[in-house]
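To start, the structure under review is shown below, and the notes come after it.
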Amino acid sequence: MTEITEVPSPFCGMGTDDLTVSVERTALQVTENGCAVNTPAFEQPLGDSKPRVASKEVPLQEAAKVAADLLAKAQQPLVAGCATDVNGMRALLSLADHTGAILDNMHFNAARRNILAMQDSGWMNTTLAEVKNRCDLLLVVGTDLESFAPRFFERYLWNQDSMFVEDTGKREIIYLGKAPSGSASTAPDGRKADVHVCDDQDLPEVLSVLRALVKGHPVQAESAGGIAAADLQAIADRLQQAAYGVVTWAAGAFDFSHAELAVQTLCEMVKDINDRGTRCSGLPLGGREGDQTASQVSGWTTGYPPRISFSRGFPDYDPYLYDAVSLLAEGEADILLWVSSFDAAKIPPDTDVPSIVIGRSGMTFAQEPEVFIPVGTPGIDHSGHAYRMDNVVAIRLKKLRDSGLPSTSEVVTAIQQAL
Amino acid sequence: MLIKLTGGTVYDPANGVDGKKRDIYIQDGRIVSRPQDVQVDQEYDLRGKVVMAGAIDMHTHIGGGKGNIARILLPEDHRADPVVRTAVTRSGSGHAMPSTLVTGYRYAEMGYTAGFEPAVLPVNARQAHMEMADIPILDKGGYVLLGSGDYLLRMMTAKKDQQAINDYVAWTLHAAKGIAIKVVNAGGISAFKFNQRKLDLDEKNSHYEVTPRQILQTLATAVKELGITHPLHVHGCNLGVPGNVETTLDTMQGIGGLPMHLTHIQFHSYGTEGDFKFSSGGAQIAEAINRHKNITADVGQILFGQTVTASGDNMRQHANHQFANPNKWVCMDIECDAGCGVVPFKYRDQNFVNALQWAIGLEIYLLVDDPWRVFLTTDHPNGAPFTSYPHLIRLLMDRSFRNDMLATIHPEAQKMTTLGSIDREYTLNEIAIMTRAGVAKIIGLQDRGALSPGNWADITVYSDDPDREKMFARPDYVFKDGELVVRDGQVVKVTWGTTHIVKPDWDPGIEKDLQKYFDRYLTMKLGNFKISDDEFTEDGRGSLTVQPTRGGAL
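Protein sequence lines, in the order shown, are assigned to chains R and F.
The C-terminal residue of the first sequence carries number 453 in my numbering, and the numbering is unbroken.
The C-terminal residue of the second sequence carries number 1434 in my numbering, and the numbering is unbroken.
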C-alpha cells in the first residue's frame, strides 16, 4: 500500500488539494480531508477496462476504428457530455472541428445562466484565496452552499489564519433564498447564519428589490417573496458597510425560467456597490465535472463557450440552438459521442441514434451503446489539468494508480487518427 | 537537407547588415555558413526580395485568464470574423482577441515567429502556458507579474533584505516558468482590494508600508542582481490619467539608473493642457527616453476601431469602465496575487481623446532617436489587435501617408500634436531593429532575431513594395526553425515553437517560509503551485528553452 499526500481533487470544484489517498493496487481510500463529494468519487471501484462494440469486448484500436467509421458516415455528429480534463477537451475540439460536429457540455444549461449575464453586461468577481483572507461578509444566494461544496466554510470562512480579517470567527454569513441544509455555516462560537428564505421563483423579485435598495431607490413594497423590505434594506446596508463583501451563487441551483436575468441583477448589484465606494465581489460556484475546464479550453480554442457547431467549417456559437438534448429529441443529430470521465453515473441521454460512449470505467447502461470505451479518470488514472470554480487556477491533477486505462485524450486522438 | 536563399536584400541589424545582397544557407533548422561540398537540396531565388529575421512581438497578450475572459465576453466580435478550417489549418475566430490557433496562423502570416505574453500571474501561469502551447508556429514566453502579490508586499513591509527578495523573485520565475519580471501598477492592484481607487508613485498602500516607487526600485534591483537580461518590465502608475506624464518622468528619474522597460508608454504620456485638459506629453517622454540610456520602451500604439482592453490593472480598468464600448466589462481580484480588468473599447478618430492618443503614440515613435530602445507594439489587443502592425509600420515609414491620416482625425486633436511637423520616416533597417534585433537583445534571446550562422532559421522574406502596409501584411515566405511555414501570406505548414525561460539561481531555503505562507493563507499547496517541466513536454510538441542569465548558471 502506498499513501499519496497533497492530492488535488477534480470533483468538488474548489480545487481542494490537501487530500491523502492510500492506494492498494487499484483500490483507493481517502484517509484524510475527504468529504461527501470527494470521497465517494475517489473511492468508486474500478469497473470494466475493455472497450465494447455491440456488447462484445474488442481491443481499443478496433473500437476506435468502429467509432471513426460511425462518425465518418454521419451527416451531423454530436459531441456531448464533454466532462474531461484540459487535454481531453483539446482532443474533443479537434475531433469536432475535423468532423463538423456540434459540441455541447453536459452542464451548459446551468452555466448559460452565468454566461449570458456575463456576455451581456460583465461582472466583478473574486477568487477563493481572496475570500479566505478578505471576506468579512458572505451573501449566499439561492444555493445550499454546503451540499455543493461540503468543505467551503471550513477552508475559506472558518480558517484560523487570515491576512486581513482579524477574527475570522466574526465573519457574517447571510443566506437569501434557500436555507442551509446543515450547520457548516454556523460560526465556531455557535453564531448561526442569518437566513431569509423565499421560493426559487421569487428570487428575481427579491434580488430586484435588493438592488434597488442598494442604489437608494425608493421601494414601496413592504415585502418581496415573503421577505420584509426592512430585512432586505438591512442586507443592502451591510453589503455597503462591509470591507470586502462577497456574493456567491450556484447557477445550477437557479432552476427557474430566465434565471440569467437574476444572475445579471446580482452581478449588476455588485458593480453598483463598487461604484458607490465599497468593495464587493461576486463568486459564481461551479467547477464540477470539468464544466469550467470545458469552458476555458473551448474559449481559447474557438473564442466561444462550449455550445458550438463546426458544421459550417468554423465555430458557430449558439447557447440555445446547439443543446444536445433538444437536438437529439428533434432528430437533428445522427450520431452521439458522449464523454463523461469523472462520473460513471452520468450516462448519455436517451436516444435512438447510434452512440459512442467514452466513460469512466464502471459505467452501466440501460441501453448498450454501439461503442463503449472505458477511460481513466483525470486525477486518478492519469495526470492532467482541471479548472476550479473561480476559473483562474488550473490544478495539476496527479496519477494515483496504474489501472492501464487510457485517457479521454488518447482515445479521442485514436478515433481521429482512424478517420 | 540544405536550403539556399539566394540573392535577397538582407536587413540584419544585429550583424550590421543594412540592405546588402546576401545568400543564406539553412541546415537542420539553423542558419549555417556556406558549407563546402554539400549539395543544395532546395533553392529559393530571392533576388529583389527583402529578407529579415522572423519578427518578435515583445509585448502581446496572447495567453492567460484575462485574454480568455476577453474572448468569451465578445462573441459578436468573433462572429464578424470566422476562420474556416482548411486542409492545413484548424478553424477558429479572429478580430480583437483571436482564438489561440488563429493567433499563431495570423502572426506567422505577417512574418512573426515569436511573441511574449507580458502579464503572467504566477497563480494563473499554468493557463497562460497552456494557451500558448496551443498557439502554433510561434516561439513564446511570459513575463511573470509581481508587485501587488501579498507575499512580496509582506516581505517589503517586514524590511526583508534584498537578497531574500531576489530569492523570492527567482523562485517565482522558476515556479511560473517565465523569462522576465513584469510590474503592473506597482502595489495598485493590491491597493484596489483595500478600496483605494488611485495610487501615486509615492503614495502608500493603505495596509502595507510600501509605495510604488519602492516596489519598482526593489524589483528592478532584483532583476539586475539576478542577471536577468530583460529589464524590469513596467506598466506604470496612473494609466490613462491626464497629467500622468509627470508620474512617468518621475518613474524614469526615480529608478536611479537601473535598467527599466516602460511598456505601452503612450498610455502614460498625457498632459492636462488645452481646452479639454488633455494634451500630449509625447515630446517630453521621448526626450527623457533619449536622455536616460537605462530606459527602453514600447509604445502601445492605439489604432482606430473596435478592440478590447485586457489588463492586470483592475484599479485603472475599473476607473475606466464608464468608457466600455460595448457597455460590458469584467474586473477580478485574484488569489492574493494580482487582478485583472477587461473593458471593450472602440477608439474613434473623431473622438478628441482617442485621436490625440493616436498622435501621441506616433510622436513617441518618431521622436525617440534610438530604434534599439523603442519597440513596435500596440499592446495587443489593448491599443489595437496585432493584425494592425503592417498599418502601423506604414505610418512610421511613410510621412505623406501619415499626414493624410492626420488630416482626417478630430480637428482639435490635430492642433494639439506636433506630428505634422515631424519629417522622420523609419527605414527598413530601423524596422528590423525594433521588431527583430532590438527585441531579441532586450529579451535576451540568444539565437533568434538575427541571421547569424548558428542561429535558428527564423526568416521572413517580403516583396519590396512602396506600400509598406501591403508589404508587411503578406510575406512571400516565412521559415520557422528552417521549415517553410508560410508562402504568399498563407500558412502552408503548422509547426510548434518552443517556450523561452530563464533560470536564475535561488536559495531553496526560501521554500520553508513560502510553504508556511501557502498553508496558512493560500488555497493550494506549494508543491501543486509550481509548474513542472513535463507539463510543457508531455504532449510531445512543446519544449522549454533556457536562455542564459548574466553571471549565473543556466
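The C-beta atom is built at its ideal place from N, Cα and C for all residues, glycine as well.
query	result
Identify which residue in F:T1052, F:A1008, F:P978 and F:K929 has its Cα closest to the Cα of L1394 of chain F.	F:T1052
To the nearest angstrom, report how far apart T36 of chain R and V57 of chain R are at their CA atoms.	5 angstroms
CA-CA distance, A130 of chain R and Q110 of chain R?	10 angstroms
Just checking, does the segment 921-938 of chain F make contact with the segment 1300-1318 of chain F on the three C-beta pairs under 8 angstroms criterion?	yes
Out of curiosity, what's the CA-to-CA distance linking D1345 of chain F and P1355 of chain F?	11 angstroms
Could you give the DSSP three-state label for G311 of chain R: helix, strand or coil?	coil
Could you tell me the distance, in whole angstroms, from the CA atom of K946 of chain F to the CA atom of P1002 of chain F?	13 angstroms
From Y1150 of chain F to E200 of chain R, what does the alpha carbon distance come to, in whole angstroms?	41 angstroms
Using a Cβ cut-off of 8 angstroms, pull out every chain R residue sitting near H1141 of chain F, in sequence order please.	Result: empty, since nearest Cβ-Cβ is about 26 angstroms, beyond 8 angstroms.
At a CB-CB cut-off below 9 angstroms, which residues of chain F make contact with K166 of chain R?	C1216, Y1401, L1402 and T1403
Does the beta carbon of P42 of chain R sit closer than 8 angstroms to a beta carbon anywhere in chain F?	yes
What residues in the segment 310-322 of chain R bring their beta carbon closer than 8 angstroms to a beta carbon of chain F?	G311, T312, R313 and S315
On the DSSP bridge assignment, give the partners of T1379 of chain F in chain order.	F:K1020 and F:L1424
Going by beta-carbon coordinates alone, are E302 of chain R and A117 of chain R separated by less than 8 angstroms?	no
If you follow the beta strand (DSSP E) that D1229 of chain F is part of, which residue opens it and which one closes it?	Looking at the DSSP string, D1229 of chain F is not in any beta strand (DSSP E), and its letter there is neither H nor E.
Grouping DSSP H, G and I as helix and E and B as strand, with all else coil, what is C232 of chain R?	coil
Tell me the rounded alpha-carbon separation between V1254 of chain F and L1142 of chain F.	10 angstroms
What's the C-alpha gap between P82 of chain R and F142 of chain R?	Correcting the residue identity first, residue 82 of chain R is Asp in this sequence and not Pro. D82 of chain R and F142 of chain R: Cα-Cα distance of roughly 29 angstroms.
Alpha carbon to alpha carbon, how far is V1000 of chain F from G1161 of chain F?	29 angstroms
Expressed to the nearest angstrom, what Euclidean distance is found between the alpha-carbon atoms of L162 of chain R and T282 of chain R?	11 angstroms
Measure from the alpha carbon of R430 of chain R to the alpha carbon of each residue in F:D1278, F:K1410, F:I906 and F:A1038, then state which is nearest.	F:K1410
Would you check if the distance between the CB atom of R1348 of chain F and the CB atom of R1274 of chain F is smaller than 8 angstroms?	yes
Between which two residues does the alpha helix (DSSP H) containing V391 of chain R stretch?	That residue, V391 of chain R, is in no alpha helix (DSSP H); its beta strand (DSSP E) goes S389 to R394.
Could you give the DSSP three-state label for C1117 of chain F: helix, strand or coil?	coil
Going along the segment 988-1015 of chain F in order, which residues come within less than 8 angstroms of chain R, judged by CB to CB distance?	L1001, V1003, N1004, R1006, Q1007, M1010, E1011 and D1014
Note down, one range per segment and in chain order, each beta strand (DSSP E) of at least 3 residues found wholly within the segment 901-926 of chain F.	910-912 and 922-925
Output yes or no for whether 8 angstroms exceeds the beta carbon distance between T299 of chain R and P252 of chain R.	no
Which residue's Cα is closest to the Cα of I1302 of chain F: F:D1387, F:M1277 and F:C1211?	F:M1277
To the nearest angstrom, how far is the alpha carbon of F348 of chain R from that of R168 of chain R?	43 angstroms
Contact defined as beta carbons within less than 8 angstroms: I believe G396 of chain R pairs with Q78 of chain R. What is the distance between those atoms, to the nearest angstrom?	6 angstroms
Once you ignore the five residues that flank R146 of chain R on each side, which residues in its own chain have a CB closer than 6 angstroms to its CB?	P353
Is F376 of chain R closer than 8 angstroms to P85 of chain R when the C-beta atoms are compared?	no
Using 8 angstroms as the threshold, is the C-beta distance between N948 of chain F and G122 of chain R below it?	no
When the Cα atoms are used, what is the spatial distance from A213 of chain R to T336 of chain R?	39 angstroms
Taking 8 angstroms as the cut-off, decide whether the C-beta atoms of P403 of chain R and I390 of chain R are in contact.	yes
Give the list of continuous beta strand (DSSP E) stretches no shorter than 3 residues that lie fully inside the segment 977-1027 of chain F.	992-1000 and 1019-1026
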